[in-house]
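Peer 1: For the sequence shown, position 93 matches number 1362 in our numbering, and the numbering has no gaps at all. Note that beta-carbon positions come from the ideal geometry of N, C-alpha and C, so glycine has one too. Nothing here was measured: the structure is a model prediction, and the numbers come from that model.
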Amino acid sequence: MEVKSLTKLIKFPDIDNLKNLIFIYGKEDYLKSQIIKLLKEKYKDINTLWGDETDLKHLLSLFSSSSLFSSKTIVILRDFESFIKNLKKDELKNFLDFCINIPEGDKLILISNLDKLPSKEPYKTIQNCGDIFFAKKLSEKAFLSSLKKKFISEGINISDELIVYIANLLKNDLFYTKNEVEKLILYVKEKKEITKEDIDKIIYPKIEENIFSFLNLLFTKNPDTIKTLRNLFETGYHPFEIQSLILFQMNKLLLYKTLKNKKPERIIFAELGLKFPFQIKQLKEQDKNVSKEELISLVKDLYLLEIKQKVYYQDIYKGLEDLVIKFLNG
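(1) Helix, strand or coil for leucine 1337 per DSSP?
(2) Can you give, in chain order, each stretch of the alpha helix (DSSP H) that sits fully within the stretch 1432-1483 and has at least 4 residues?
(3) Do the stretch 1310-1325 and the stretch 1348-1358 meet, that is, are 3 or more Cβ pairs less than 8 Å apart?
(4) Give the secondary structure of threonine 1317 by DSSP, where H, G and I count as helix, E and B as strand, and everything else as coil.
(5) Counting Cβ pairs, one atom from each stretch, are 3 or more of them under 8 Å apart for the stretch 1457-1469 and the stretch 1512-1530?
(6) Please state whether the Cβ-Cβ distance between aspartate 1377 and leucine 1356 is less than 8 Å.
(7) Can you have a look at valine 1559 and say buried or exposed, based on whether 16 or more other CB atoms are within 10 angstroms of its CB?
(8) Is the Cβ-Cβ distance between aspartate 1359 and glycine 1295 less than 8 Å?
(9) Give the straight-line distance between the Cα atoms of glycine 1320 and tyrosine 1445, rounded to the nearest whole angstrom.
(10) Where does tyrosine 1294 sit, in a helix, a strand or coil, going by DSSP?
(11) For lysine 1393 and chain C, any beta-carbon pair shorter than 8 Å?
(12) The beta strand (DSSP E) with isoleucine 1343 in it runs from where to where?
(13) Rank Glu1310, Leu1329 and Ala1436 by C-alpha distance to the C-alpha of leucine 1318 and give the top, closest one.
(14) If you reduce the DSSP assignment to three classes, tell me which class aspartate 1400 lands in.
(15) What three-state label does DSSP hand serine 1381 in the structure shown?
(16) Could you tell me the distance, in whole angstroms, from the CA atom of glutamate 1590 to the CA atom of aspartate 1442?
(17) In terms of alpha-carbon separation, which member of Asn1289, Gly1588, Ile1305 and Asn1316 lies closest to phenylalanine 1502?
(18) What residue range is occupied by the uninterrupted alpha helix (DSSP H) comprising valine 1272?
(19) Is the stretch 1284-1304 touching the stretch 1392-1404, taking contact as three or more C-beta pairs under 8 Å?
(20) In the structure shown, what three-state DSSP assignment does lysine 1277 receive?
(21) Whose C-alpha, out of Lys1595, Ala1411 and Glu1462, is nearest the C-alpha of phenylalanine 1420?
(22) Report yes if the CB atom of phenylalanine 1488 is closer than 8 Å to the CB atom of glutamine 1512, and no otherwise.
(23) Looking at the strands, I want to know which residues DSSP matches up with lysine 1376.
(24) For aspartate 1591, which three-state DSSP category applies?
(25) Which residue wins for smallest C-alpha separation from tyrosine 1299, given the options Lys1309, Thr1276 and Ser1334?
(26) Note down, in chain order, each residue of its chain lying with its Cβ closer than 6 Å to the Cβ of tyrosine 1392, except the 5 sequence neighbours on either side.
(27) Tell me, please, which residues DSSP counts as bridged to asparagine 1598.
(28) With a threshold of 7 Å on Cβ separation, who are the neighbours of lysine 1577 within its own chain once the five nearest residues in sequence on each side are excluded?
(29) Cβ of isoleucine 1495 within 8 Å of Cβ of isoleucine 1343?
(30) For asparagine 1426, list the residues DSSP reports as bridge partners.
(31) In terms of residues, what are the limits of the alpha helix (DSSP H) holding isoleucine 1565?
(32) Proline 1508: buried (16+ other C-beta within 10 angstroms of its C-beta) or exposed?
(33) With DSSP as the reference, label asparagine 1355 as helix, strand or coil.
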């Protein structure tokens, strides 16, 4: 199996001569977003699916129904691991059979978040029958070099020390860096020179937010919840992933509220899978701040939000933020 660099495909985004199955993996989200954008521009009639909201039946139906505008079907399936996780044993076999026998001319492009490929299924079959591309994260040296080239191409003067300063602020993240650097370039467009004061004024540092700290803020109704939610969006968390974890934590809280006067606490915590004192302390704190009625109302709101997002195509980011604001003000 030959693993190719995704950067080469980005330079020449032509998949017509590739195998019918294309598998892209690696931790560099910026490169993955770039190839998706380029493919959408080149192949207008393209389907994009998310693994956590797609089942096998829906995926296969796209290949069995012909398009009015194209003789071939191209499907991008993002978050491949979530898709695989929901397949039953017989469905996994059917999926792999399909991967081997994708109709000629059609393309299935799988986007994975893995950094290394396991040797087990489904990856074993995928490696045997598909073209494999790796989205390699830039080294620190390469990241600094790419920043410098960007400023030079724009005719903007900046010292090497300030380039290192920007890289540290942005955690060497290409995806996040693109927007922040574009803002900075626009700001200094007239004077063509960047100072530390310019950087501090324009660039918003990348914060590595923890989803579990967000959940604790949410269920203790902390004022910083919205800020943390937006930071999660910035660091690449998908709203559906966050909603799923909200529901998971909410179920724990409801169960605790229901059982706390009926069973010994040590048994309840064991049933909830809480082993460490800080986990137990957080749950008790959340229990004090949120009523059972509020949790039940949140269940209903999450259900309605999912319908709006998936049926009526409401903005998924704004929809989740509005739901969180409503819950905090409840």
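Peer 2: On the basis of the coordinates in this document:
(1) Taking the first residue of the sequence shown as 1, we reach residue 1337 at position 68. No answer about leucine 1337 holds up, because its pLDDT of 49 lies below 50 and its placement is not dependable.
(2) 1443-1456 and 1465-1471
(3) yes
(4) Stepping through the sequence shown from its first residue, residue 1317 is reached at position 48. DSSP places threonine 1317 in strand when its eight states are reduced to three.
(5) The stretch 1457-1469 makes no contact with the stretch 1512-1530, as fewer than three CB pairs between them are under 8 Å.
(6) By 1-based counting over the sequence shown, the position of residue 1377 is 108. By 1-based counting over the sequence shown, the position of residue 1356 is 87. Before going on, a small fix: residue 1377 reads as leucine here, not aspartate. No, these two residues do not count as a Cβ contact at 8 Å.
(7) Position 290 of the sequence shown, counted from the first residue, corresponds to residue 1559. With 16 or more other Cβ atoms within 10 Å, it is buried.
(8) As a position in the sequence shown, residue 1359 is number 90, starting the count at 1. As a position in the sequence shown, residue 1295 is number 26, starting the count at 1. Not in contact: aspartate 1359 and glycine 1295 (Cβ atoms no closer than 8 Å).
(9) The residue labelled residue 1320 in the question sits at position 51 within the sequence shown. The residue labelled residue 1445 in the question sits at position 176 within the sequence shown. Cα to Cα, glycine 1320 sits roughly 23 Å from tyrosine 1445.
(10) What you label residue 1294 is simply residue 25 of the sequence shown in a count that begins at 1. If DSSP states are grouped into helix, strand and coil, tyrosine 1294 belongs with the strands.
(11) Given the protein chain composition of this structure (a single chain), no chain C is represented.
(12) Locating residue 1343 in the sequence shown gives position 74, where the first residue counts as 1. Residues 1343-1347.
(13) The residue labelled residue 1318 in the question sits at position 49 within the sequence shown. Among Glu1310, Leu1329 and Ala1436, the Cα nearest to that of leucine 1318 belongs to Leu1329.
(14) By 1-based counting over the sequence shown, the position of residue 1400 is 131. Here aspartate 1400 sits in strand by DSSP.
(15) The residue you call residue 1381 lines up with position 112 of the sequence shown. DSSP places serine 1381 in coil when its eight states are reduced to three.
(16) As a position in the sequence shown, residue 1590 is number 321, starting the count at 1. As a position in the sequence shown, residue 1442 is number 173, starting the count at 1. Cα to Cα, the separation comes out at about 24 Å.
(17) Taking the first residue of the sequence shown as 1, we reach residue 1502 at position 233. It is Gly1588 whose Cα lies nearest to the Cα of phenylalanine 1502.
(18) Here residue 1272 is taken as the residue at index 3 of the sequence shown, counted from 1. Counting along the chain, valine 1272 falls outside any alpha helix (DSSP H), though it belongs to the beta strand (DSSP E) covering 1272-1274.
(19) yes
(20) Position 8 of the sequence shown, counted from the first residue, corresponds to residue 1277. Residue state, collapsed to three classes: helix.
(21) Taking the sequence shown and counting its residues from 1, one reaches residue 1420 at position 151. Phenylalanine 1420 has its Cα closest to that of Glu1462, out of Lys1595, Ala1411 and Glu1462.
(22) Numbered from its first residue, the sequence shown carries residue 1488 at position 219. Numbered from its first residue, the sequence shown carries residue 1512 at position 243. Not in contact: phenylalanine 1488 and glutamine 1512 (Cβ atoms no closer than 8 Å).
(23) Sequence index remark: in the sequence shown, residue 1376 carries index 107 (1-based). The partner list for lysine 1376 (beta bridge, DSSP) reads Ile1343.
(24) Reading the sequence shown from its first residue, position 322 is the one you call residue 1591. If DSSP states are grouped into helix, strand and coil, aspartate 1591 belongs with the helices.
(25) In the sequence shown, counting from the first residue as 1, residue 1299 sits at position 30. Considering only alpha carbons, the answer is Thr1276.
(26) Along the sequence shown, read from residue 1 onward, the residue named residue 1392 stands at position 123. Taken in chain order, the residues that qualify are Leu1386.
(27) Indexing the sequence shown from 1 puts residue 1598 at position 329. Paired residue(s): none; asparagine 1598 is not in a bridge.
(28) For the purposes of this step, residue 1577 is identified with residue 308 of the sequence shown, where counting begins at 1. These residues qualify, in order along the chain: Gln1583 and Gly1588.
(29) Along the sequence shown, one-based indexing puts residue 1495 at 226. Along the sequence shown, one-based indexing puts residue 1343 at 74. Isoleucine 1495 places its beta carbon 8 Å or farther from that of isoleucine 1343.
(30) Taking the sequence shown and counting its residues from 1, the one referred to as residue 1426 is at position 157. Paired residue(s): Glu1462.
(31) As a first step, residue 1565 is located in the sequence shown; it is residue number 296 there, counting from the start. Counting along the chain, the alpha helix (DSSP H) containing isoleucine 1565 begins and ends at 1561-1579.
(32) Translated into the one-based positions of the sequence shown, residue 1508 becomes position 239. Buried, since its Cβ has 16 or more Cβ neighbours within 10 Å.
(33) In the sequence shown, counting from the first residue as 1, residue 1355 sits at position 86. Under the three-state reduction of DSSP output, asparagine 1355 falls in the coil class, being neither helix nor strand.
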